[in-house]
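Here the structure comes first, spelled out in structure tokens, and everything after it is commentary.
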Amino acid sequence: MTSIVLIAPPAAGKGTQAKKISIHYNIPHISTGDLLRNEEMSRTPLGLQISEIMQRGDLVDDEIITKLIEQRINYDDCKEGYILDGYPRTIQQAIAYDIMLEKLNKKSSRVLFLDIAEETALSRISSRLVCSNCGSSYNTKVEELTPKNNNMCDKCQGVLHVRADDNEETFRKRFATYKKETSKLIDYYKNKNMLYEIKINETDNVEDTFNKIKKALDNNG
Ligand code: AMP
Numbered sequence: 706m707t708s709i710v711l712i713a714p715p716a717a718g719k720g721t722q723a724k725k726i727s728i729h730y731n732i733p734h735i736s737t738g739d740l741l742r743n744e745e746m747s748r749t750p751l752g753l754q755i756s757e758i759m760q761r762g763d764l765v766d767d768e769i770i771t772k773l774i775e776q777r778i779n780y781d782d783c784k785e786g787y788i789l790d791g792y793p794r795t796i797q798q799a800i801a802y803d804i805m806l807e808k809l810n811k812k813s814s815r816v817l818f819l820d821i822a823e824e825t826a827l828s829r830i831s832s833r834l835v836c837s838n839c840g841s842s843y844n845t846k847v848e849e850l851t852p853k854n855n856n857m858c859d860k861c862q863g864v865l866h867v868r869a870d871d872n873e874e875t876f877r878k879r880f881a882t883y884k885k886e887t888s889k890l891i892d893y894y895k896n897k898n899m900l901y902e903i904k905i906n907e908t909d910n911v912e913d914t915f916n917k918i919k920k921a922l923d924n925n926g
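Each residue of the sequence shown is one higher than the last, beginning at 706 in our numbering.
This is the structure:
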């Protein structure tokens, strides 16, 4: 397996699918949202700087994010591949990423695009919960993602809470940012003939989507 870039609008189930891909293909899952939230929680100077930007639903500076990714994909566990969840998010980041791969002597990534309608995505965030300790994500409207005990993480017993940016107002803003910036990225990869499109229907559950992803990856070896 080589590296994979996963592109999707907010609340498409990107994180959940990235974790499944990571386990199935035995490659590390690199989530930029998690990398940034870790900085935020550790209250590093960088964390304090980006906290406000993230609360607003805006994008963090390309330079910051590109540096964090370059550091991470240089780790030994990324030698056989990795899955990037949340990067690149703009054409500028895609170009920076191409330059980074060349510099690190790594092959191009395979790009997966999870296509979901805005209203379907919105209905999903209203029931999303995350663990304040380990960051695991749950969804009370999705059977496979419902926590076993109310408000408690199955993995570490941490307290579950609603993410600060999981409200309709910030969601709409994040979706608008996505449409403005990220959709151009889709054309960028389409033109390079690198894009695998996965359509998510309203009725698709986690497994349905994952089966579509596996089919796309396994059939295009
Ligand atoms: P996510 O968990 O992927 O929805 O990301 C949460 C927030 O982190 C976003 O709303 C952005 O503020 C920031 N973020 C994540 N990935 C990136 C990126 N590639 N470029 C800029 N900002 C990002």
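Glycine included, C-beta positions come from ideal geometry on N, C-alpha and C. Since this is a predicted model, take the numbers as computed values, not measurements.
- Judged by beta-carbon spacing, K860 lies within the 8 Å limit of C839, meaning their Cβ atoms are closer than that value.
- In the structure shown, the three-state DSSP call for R833 is strand.
- Counting the other Cβ atoms within 10 Å of the Cβ of D766 gives fewer than 16, which makes it exposed.
- Beta-bridge annotation (DSSP): M746 is not paired with any residue.
- The beta carbon of I796 sits closer than 7 Å to the beta carbons of K889, L890, Y893 from its chain, once the five residues preceding and following it are set aside; these are given in chain order.
- Taking a contact to require three or more Cβ pairs closer than 8 Å, the region 722 to 742 and the region 908 to 926 qualify as touching.
- Distances from the alpha-carbon of V816 to those of Y802, S828, S832, N743 put Y802 closest.
- Cβ contact annotation for D739 (same chain, cutoff 7 Å, sequence separation greater than five): G840, in chain order.
- Where V765 is concerned, there is no enclosing alpha helix (DSSP H), because DSSP gives it neither an H nor an E.
- Checking the DSSP bridge columns, you'll see R815 partnered with I709.
- Taken atom to atom, the span from the alpha-carbon of Y730 to that of I804 is near 25 Å.
- Pairwise C-beta distances place the region 823 to 837 out of contact with the region 769 to 786, as fewer than three of them are shorter than 8 Å.
- Cβ contact annotation for S736 (same chain, cutoff 8 Å, sequence separation greater than five): G720, A723, D790, G791, in chain order.
- Take the alpha-carbon of V911 and the one of L764: they are about 27 Å apart.
- The beta carbons of R833 and D871 sit closer together than 8 Å.
- According to the DSSP assignment, Y843 belongs to the beta strand (DSSP E) that extends over 842 to 844.
- For the 8 Å CB-CB criterion, E886 and R742 do not form a contact.
- Our two residues, I709 and D913, have alpha carbons roughly 19 Å apart in a direct line.
- D782 places its beta carbon less than 8 Å from that of P733.
- Annotation for I903: the continuous beta strand (DSSP E) segment containing it runs 900 to 904.
- The Cβ atoms of F876 and I830 sit closer than 8 Å to each other.
- Membership of L922 in the alpha helix (DSSP H) is indicated by the continuous run 911 to 924.
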